[in-house]
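Read through the structure below, which is laid out as structure tokens, and then see the notes.
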Amino acid sequence: MRVSVLTTLLLFVQCVIQGCSSTAPREYPPPVVEKGQQAAVQPSASRRDAPLQTQPYLPPPVSAQDAAIVRSQPPAVVALLDQAEQQANAGELESAAASLERAIRIDPRNPVLWYHLATVRLSQGESSQAEQLAVKSNSLAADNRSQQARNWQLIAQARREQNDPGGAAAAEQRARELGPR
Amino acid sequence: MAKRRKRGRKKARRKVVNRKPFWTRLFVILAILMAGYIAWLDYQVRHQFTGTRWSLPARVYARPLELYTGLELSAEQLLSELKALHYRPVVSPKTPGQFSRNGKDFQLLSRAFDFWDGQEAGQNIRVTISGNRIASLSAGNGKQAVSLARLDPVLVGSFYPAHNEDRVLLQLDDVPVSLTDALIAIEDRDFYSHHGVAPLAILRALLVNIRAGGVVQGGSTLTQQLVKNFFLSSERSLVRKANEALMALLLEWHYNKDEILEAYLNEVYLGQDGNRAIHGFGLASYFYYERPLTELAVEQYALLVGLVKGPSYYNPRRHPERALARRNLVLDVMAELELIPPEQAASAKNRKLGVSPFNRKAINTFPAFLDLVRRQLQRDYRDEDITSEGLRIFTTLDPQVQWQLEKVLEKRLKGLEKGLKTGAGTLEAAAVVTSVQGGEVLALAGGRNPKFAGFNRALDAQRQVGSLLKPAVYLTALEQPQRYTLATLLDDGPLTYTARNGDKWQPGNYDRKNHGEVPLYLALAHSYNVSTARLGLAVGIDPIIRTLRRLGVEQPLNPYPSLVLGAVEMSPLHVTELYQTFASGGFRTPLRAINAVLAADNTPLQRYPLSVYAAVEPAPNYLITTAMSYAVREGTGRGIYQVLPDSREVAGKTGTTDDLRDSWFAGFTGDRLGVVWIGRDDNQSTGLTGSSGALLVWRDLFVHFSGPGLAQTAVENIEYRSVDPKTGLLADAGCPNAVQLPFISGSAPVKNAPCFKGKRSLSAPVDWFKELFQ
């Protein structure tokens, strides 16, 4: 009898120390797939499920023709392009992508925006989606050879990263045909 | 002790044990129990207070309105958006959430808001609207032109945990001092000096209660009230009271006053909305005044503080006179304690309660859309996370489009039923509207009653699609330019197909006629079944299924010949996915209802990015889209132009199933795609074709949009030729009905039609026409 009282008491104290609540501590929401922004804040938070070989972001080269195109955009689009570039340069790639998507929402048929988004995805190591976005940019750039050339350059790079040297060479060939970079 | 116990056990003779007096032993045991009990309470207090304290429902936001020069936006639309955001009209805006309007000139002080990509600062924005567009946009009292300003998004709903507790979490820094001052003045004047319990206050309350012969006054400190709400039931017993006091002391021992006050402000119960409990001042501010706490005036703080004593007794909506008296009492106390000057108290007392009318609808405004959001979330989050972690969900919903959709659906369905024998209330509908290039779901209707959160037909009604599937058949053909062009003549004569097992299939046209030889683009435009069936059998069912897969159709498809005439059941959302690929130039663009998810503390958790997959080569997609434009210009969709301006190019397709069970229309302009279905839940005949039903809803909706018409991007290997539709051969000025059709390079007809008279060949690409489409 005495034993059981003591045991109960001990169990009770242990319970108090270690916690016997039936409600387990809450878990936090699942996989954080945010890449750019988060990585800048906490570089240790690399995720096992997304082994990213992140490259430094290279601002896309801008030709005179492009500059003219960009200037002729609605100022809202220019502002968002600038913002995206700043974010990308600061390593906040996913924020840059979000800004570019905002720009695309405003001006959805602008090949320059799709190309920039492709560049961001390539920097994030998402070469397959980068290629698709560059193809999309191409489909909207029938009258802009230099934009097409840049798209094919990007496609070539994306294909190299997907271990497709043949496809990469073909894309480079297309880029050359369309004029000097 | 161990020794003694051992001996006692060995000898099994209890009497030998040298006992201490009974009372001492009892006291020791009680003391140990008491210590244990206090330790347990202490654990409870700390665990509850330090861990996640509250289940926070997820908040779902519409897309934020992005203001920029040139945006298609009428003054009424801006007004409705500001109204939905509960911006208040004033003469001259002074605090965030206020605006003034002078005709088409708006001045507004926007609220700061945390988005995925950072905080949007609140600013003084001036918007001038002209011709249903933003003509100019400036900030800082009109001094500097700005290119872009993002308003806070409309809250369109919440996902609540099972126990339906709701709150908007506050941090003490965000709480206006006048509110905390008033609260402390009314509920616990000694808050900053006591240790959790105030014996004098208890004594005072005891005296009052004894005199009154019942409980009329509580002597509880804020800390005790918090403890009571946090850990204990509302039962009034001595044991509970003792527990409460103990825990209050423990709480004060571990935490400072600010922490306790902050918890109190978030925990206190302030009202009830159906089965949803309103907790904390943050949510109460929205519940009673439809705006954030920081935007309230002093008499409104006074009312909220007054409600603490009894949210249902002083319910300002049900008992305004009690609430008013209570509010004024709080104001008097504030003046008495010199928290506010007496004149201010006097003028505040003269103001009305100003509580917004009770609006149950505001909770989950768009249940069908929220249903889609929830299903997309469930792929990545557990249910309990969705309802308890305070996720902030940024969706693609465009309230302007959604409101319009709901309005036209309701009106048109009523109108349609008047002309039918089936009677009122028999028809049902579903609709989806998306952005053409981004695949963002802008609006969604799961039935004709938009507030009904039941069967979501847009997602769950599996219905025969009929002719909506034909473009996939024609696309499969047009991807073989050496065999098929838009001008290829198809045989629409009677057809009997005998399957290998001997089954016979005799498709017929809707008008029960056969049309001889028809050019391919008109066979689609007029939705002829016989020529389509023949075409489908010629290109093969398996290649058609492969096309459908590429376009984004994922459900099982049976390789039967009837597939080519749409003997497939799909939900309106899946149909939208299919047409999204056509509309976006041949790129499969997965539909998204969510853009991003943030944690309660605004940490970015997850983005749902825009992604595209090249599914159809640009040239064949150009051709099939052109054929769908003809369907609207000349074919089954021509009713569109009875209302839409002739200049706005639309591509689309009607769908009608056997016995008129389903009426469909899918169509897109330069910026939006809409899919509409009308049918009956019991799958009986509606008496409607695609043209006489769904098309009308689509038209009602799209006439309200002033966005660009469809303008296909030029494709390198597309060239235009003038063609005689009768023969599918080259035409010139001698052919009265000649049409300009696009061809994939090298596939255009080379022979001249009989009507061809001129010497000059017109077979060269017609550049001016091509430019029209660029």
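Residue numbers (the numbering used here), protein chains in the order written: chain B, 1 to 181; chain P, 1001 to 1774. Even glycine gets a Cβ: it sits at the ideal position worked out from N, Cα and C.
In this structure, how does DSSP classify residue i when only helix, strand and coil are distinguished?
i: P:R1463; result: strand
i: P:S1130; result: strand
i: P:D1380; result: coil
i: P:W1023; result: helix
i: B:R176; result: helix
i: P:R1721; result: strand
i: P:S1068; result: Per the sequence presented here, residue 1068 of chain P reads as Tyr, with Ser not at that position. If DSSP states are grouped into helix, strand and coil, P:Y1068 belongs with coil.
i: P:F1231; result: helix
i: B:E92; result: coil
i: P:L1490; result: strand
i: P:N1737; result: coil
i: P:V1355; result: coil
i: P:E1187; result: helix
i: B:W114; result: helix
i: P:F1705; result: coil
i: P:I1624; result: helix
i: B:G167; result: helix
i: P:P1749; result: coil
i: P:Y1673; result: It is Leu, not Tyr, that sits at residue 1673 of chain P in the sequence shown. Here P:L1673 sits in strand by DSSP.
i: P:V1091; result: coil
i: P:R1638; result: helix
i: P:F1756; result: coil
i: P:F1113; result: strand
i: P:N1595; result: strand
i: P:L1179; result: helix
i: P:W1505; result: strand
i: P:G1652; result: strand
i: P:Y1037; result: helix
i: P:R1777; result: The structure shown does not extend to residue 1777 of chain P, since chain P spans only 1001 to 1774, so no value can be given for it.
i: P:L1337; result: coil
i: P:P1342; result: helix
i: P:Y1264; result: helix
Determine whether the Cβ of residue i lies closer than 9 Å to any Cβ atom of chain D.
i: B:Q129; result: Absence of chain D from the displayed structure is noted, the protein chains being B and P.
My understanding is that residue i touches residue j, with C-beta atoms under 8 Å, so please give their C-beta distance in whole angstroms.
i: P:V1156; j: P:Y1061; result: 7 Å
i: P:R1317; j: P:F1358; result: 5 Å
i: P:L1548; j: P:A1477; result: Going by Cβ atoms, the distance from P:L1548 to P:A1477 rounds to 14 Å, so no, they are not a contact pair.
i: P:I1125; j: P:L1071; result: Contact doesn't hold; Cβ gap of about 13 Å is too wide.
i: P:I1260; j: P:L1226; result: 6 Å
i: P:T1625; j: P:Q1740; result: P:T1625 to P:Q1740, Cβ: 15 Å. No contact.
What residues match up with residue i in a beta bridge as DSSP calls it?
i: P:V1441; result: P:T1434
i: P:T1603; result: BP columns for P:T1603 are empty, so no partner.
i: P:S1136; result: P:T1128
i: P:E1428; result: P:G1679
i: P:M1570; result: P:R1463
i: P:D1105; result: P:N1102, P:T1128
i: P:P1519; result: P:L1489
i: P:F1668; result: P:A1651, P:L1673
i: P:L1548; result: None, per the DSSP bridge assignment.
i: P:A1453; result: In the DSSP output, where bridge partners are listed per residue, P:A1453 has none listed.
i: P:S1158; result: P:R1059
i: P:L1730; result: P:V1723, P:N1752
i: P:R1150; result: P:E1066
Given a limit of 8 Å on CB to CB distance, which residues of the region 151-172 of chain B reach chain P? none
Measuring CB atoms only, is the region 1708-1728 of chain P touching the region 1655-1662 of chain P, in the sense that at least three cross pairs come out at less than 8 Å? no
In chain order, what residues of the region 1145-1171 of chain P put their CB closer than 7 Å to some CB of chain B? S1147, L1148
Quick one: any contact between the region 1459-1467 of chain P and the region 1570-1587 of chain P, if contact means 3 or more CB pairs under 8 Å? yes
Quick check: the region 1582-1597 of chain P against the region 1437-1456 of chain P, are there 3 or more CB pairs under 8 Å? yes
Chain P contacts from the region 83-110 of chain B (Cβ-Cβ distance under 9 Å): Q83, Q87, E92, E94, S95, A96, A97, A98, S99, L100, E101, R102, I104, R105, I106, P108, R109
For the region 1706-1720 of chain P, enumerate the residues whose C-beta is nearer than 7 Å to any C-beta of chain B, in chain order. T1713, A1714, V1715, E1716
Taking only beta carbons into account, state which residues of the region 135-149 of chain B come closer than 9 Å to chain P, listed in chain order. V135, K136, N138, S139, L140, A141, A142, D143
Please list, in chain order, the residues of the region 1606-1623 of chain P that have any C-beta partner in chain B closer than 8 Å. Q1606, R1607, P1609, L1610, S1611, V1612, Y1613, A1614, P1618
For the pair the region 1502-1509 of chain P and the region 1522-1540 of chain P, tell me if three or more CB-CB distances fall below 8 Å. yes
Residues of the region 1063-1077 of chain P whose Cβ lies closer than 9 Å to any Cβ of chain B, in chain order: For the region 1063-1077 of chain P, which is checked against every Cβ of chain B, the residues closer than 9 Å are R1063, E1066, L1067, Y1068, T1069, G1070, L1071.
Would you call the region 1071-1084 of chain P and the region 1398-1407 of chain P in contact, with 3 or more CB pairs under 8 Å? Counting C-beta pairs with one atom in each stretch, the region 1071-1084 of chain P and the region 1398-1407 of chain P have three or more that are closer than 8 Å, which means they touch.
Taking contact to mean 3 or more Cβ pairs, one atom from each stretch, closer than 8 Å, check whether the region 1697-1708 of chain P and the region 1629-1643 of chain P are in contact. Cβ pair count under 8 Å is three or more, so yes.
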